[in-house]
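Here is the structure we will look at.
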Amino acid sequence: MKYKRILLKLSGEALNGGDKSHVIDSDILVKFAKEIKKVVDAGVEIAIVIGGGNIYRGATADSGIDRTQGDYMGMLATVINGMAIQSVLENHDIQTRLLSAIKMEQIAEPFIRRRAIRHLEKGRVVIFGAGTGNPFFSTDSGGALRANEIEADVLLKGTNVDGVYTADPRKDPNAVKYDEISFTDAINKGLKVMDKTAFTLCQENSLPIIVFDMNGEGNLLKVVSGEKVGTLVKD
Ligand SMILES: Nc1ncnc2c1ncn2[C@@H]1O[C@H](COP(=O)(O)OP(=O)(O)OP(=O)(O)O)[C@@H](O)[C@H]1O
Ligand SMILES: O=c1ccn([C@@H]2O[C@H](COP(=O)(O)O)[C@@H](O)[C@H]2O)c(=O)[nH]1
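First residue of the sequence shown: 1, per UniProt numbering; consecutive thereafter.
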């Protein structure tokens, strides 16, 4: 395998399978668990950060709720998704630990970096809940932060598009996919596939990012073994 320790950022929004009447589609969770198991069985250490977009996003919520309060609600949403993925991974005989950036000891360990690394070394999949634990951030930034903290070899953004495009491919049919792009170009061109904070944190610490389609069967394993899938973002 090309990468020995990875941080997989999963989109929360992907969990509803495009159907907003569902919060979590169990078929999608099972599909993700099967993909993750292939990589666990290959001996790769995996940490996961999951978004909360299927439940709540503080920044875009237009409900008269204060931004900071909304952001904390969004962080709680990521813990709900983390609990869901934990359960389904365990149903597939994968050992897991959920670590939360906001203390909630009945359901998750508090985030302690050294413990997270120890769990990874023991072959457990570590799920980081509640993003960075701070409002005004996103789970992309949380993923970038945790990836750097655990000294992951790569940050993998498993999403519903197959890479980084010149514009949002869901809005612009003429958008063209990059096989590779530099952090500077991704930031300067204002590409919205990840937020600037996440790109900057990875750029400053020379941590490559690969954006790929998590729905493609075998894609995660291909990415981890070094096959050219998705878009590589690096210096
Ligand atoms: N230049 C671009 N290239 C590729 N995707 C783009 C681009 N600009 C915007 N996007 C959008 O970015 C989205 C990828 O982000 P994703 O849905 O995983 O977001 P997220 O904010 O991490 O999700 P969540 O908050 O649900 O976890 C795609 O759905 C795609 O439509
Ligand atoms: O560090 C963080 C992470 C997340 N939030 C809030 O949670 C939601 C959901 O996360 P997504 O990355 O959008 O999936 C986000 O919109 C923020 O409101 C946060 O405040 N801090």
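Built from N, CA and C at the ideal position, the CB exists for glycine as well.
CB contact flag (residue i, residue j, <8 Å)
{"i": "S225", "j": "K38", "result": "no"}
{"i": "G70", "j": "S100", "result": "no"}
{"i": "Q86", "j": "T96", "result": "yes"}
{"i": "V49", "j": "T166", "result": "no"}
{"i": "G53", "j": "R67", "result": "no"}
{"i": "M214", "j": "L220", "result": "yes"}
{"i": "G51", "j": "L7", "result": "no"}
{"i": "V125", "j": "L76", "result": "no"}
{"i": "I117", "j": "I150", "result": "yes"}
{"i": "A198", "j": "G143", "result": "yes"}
Cα-Cα separation between residue i and residue j, rounded to whole angstroms
{"i": "residue 246", "j": "D179", "result": "Here the chain comprises residues numbered 1 to 235, so residue 246 is not present and cannot be evaluated."}
{"i": "G74", "j": "D41", "result": "32 Å"}
{"i": "G64", "j": "Y56", "result": "14 Å"}
{"i": "K189", "j": "D172", "result": "15 Å"}
{"i": "F183", "j": "E204", "result": "10 Å"}
{"i": "L145", "j": "G12", "result": "18 Å"}
{"i": "C202", "j": "I181", "result": "13 Å"}
{"i": "D153", "j": "Y72", "result": "29 Å"}
Where the alpha helix (DSSP H) through residue i begins and ends
{"i": "E35", "result": "26-41"}
{"i": "L201", "result": "196-204"}
Spatial neighbours of residue i in its chain, beta-carbon cut-off 8 Å, leaving aside the 5 residues before and after
{"i": "E121", "result": "E45"}
Other residues of its chain near residue i: CB distance less than 7 Å, five sequence neighbours each side excluded
{"i": "V223", "result": "L156, I210, F212, V229, G230"}
Residue interval of the beta strand (DSSP E) (run including residue i)
{"i": "V233", "result": "231-234"}
{"i": "S182", "result": "180-182"}
{"i": "I48", "result": "45-50"}
{"i": "S87", "result": "Unbroken run through S87 is the alpha helix (DSSP H), 67-91; no beta strand (DSSP E)."}
{"i": "V224", "result": "Looking at the DSSP string, V224 is not in any beta strand (DSSP E); the run it does join, the alpha helix (DSSP H), is 219-224."}
{"i": "R115", "result": "Careful: R115 lies outside any beta strand (DSSP E), inside the alpha helix (DSSP H) at 113-121."}
{"i": "F212", "result": "209-213"}
Contacts around residue i, its chain only, beta-carbon distance under 6 Å, and the 5 residues preceding and following it disregarded
{"i": "K103", "result": "P110"}
{"i": "G163", "result": "K177, V211, G230, T231"}
{"i": "I24", "result": "L15, A84"}
{"i": "M194", "result": "D140"}
**Prompt:** For the 8 Å Cβ check, are there 3 or more pairs between the region 23-34 and the region 124-139?
**Reply:** Flag = no, the region 23-34 and the region 124-139 do not touch.
**Request:** May I ask you to verify whether the region 75-82 touches the region 109-116, counting CB pairs closer than 8 Å and requiring at least 3?
**Result:** The region 75-82 vs the region 109-116: no contact.
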